[in-house]
Amino acid sequence: MNVSHPIEPVTPEEFERMDKDERLTYELIDGVVLMSPRPSLEHQKISGNLYFELRKALANQDCTPIQEVELVLNGSHLVPDLIVVCNEPLIGKHYDKAPLIVMEIVSPSSTSRDYITKRYKYESLGIREYWIISPEEKCITVFDFASAAHEMYCSGQVKSWALPEVQIELNDIFA
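For my numbering, add 16 to where a residue sits in the sequence shown, where the first one is 1.
Printed below as a string of structure tokens:
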């Protein structure tokens, strides 16, 4: 007879002490450790294109895009594909404040995590804007948590509510 046992939540301190395989990405969300394989080449290409376009769009702003930084907030350890921070010094091993924008590129293994788990987690952590990038659909959905608005872009330019100067051609991201 099989008997299920409740999973004991992992504390942030236990998470920090865990042995981790460098071929995987580890995250801690609400006491649960989540592991993902390293991103595919297509995923990395889209991330690089998006980073490049963000750098251009933010050239005259005190805002910086950062790729795959560990975001440590309220006991969670998250590794978004990109974040945008403004008017903040970038020092240390991880970032421990709510960035203005968080971006996730959907992988086949991360669909429900990105669309459901992380969406609600980022909103609860005080992130202003969340982008979900779908390589398969070549679409980007932008959630503005401040106004409860969202928009899906599948052609033309994707636009930010938080940083209106960020307007990027989708063709430049998915090229």
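We treat Cβ as the ideally placed atom computed from N, Cα and C, and that holds for glycine.
Under the three-state reduction of DSSP, I143 is assigned to coil, being neither helix nor strand.
If you look at F68, you'll find it isn't in any beta strand (DSSP E); it sits in the alpha helix (DSSP H) that goes 57–73. Looking at the DSSP output, V101 bridges to T80. I156 carries a strand assignment under DSSP once its states are collapsed to helix, strand and coil. For L94, the three-state secondary structure derived from DSSP is strand. Nearest neighbour of T127 by Cα position, chosen from E167, S140, E153, turns out to be E153. In the three-state reduction of the DSSP assignment, S52 falls in the strand class, which pools E and B. Secondary structure of L186 (DSSP, three-state): helix. In the three-state reduction of the DSSP assignment, T127 falls in the helix class, which pools H, G and I. When the alpha-carbon of G47 is set against those of Q83, Q183, N90, K109, the nearest one is in N90.
Approximately 7 Å separates the beta-carbon atoms of V158 and S176; this is inside 8 Å, confirming the contact.
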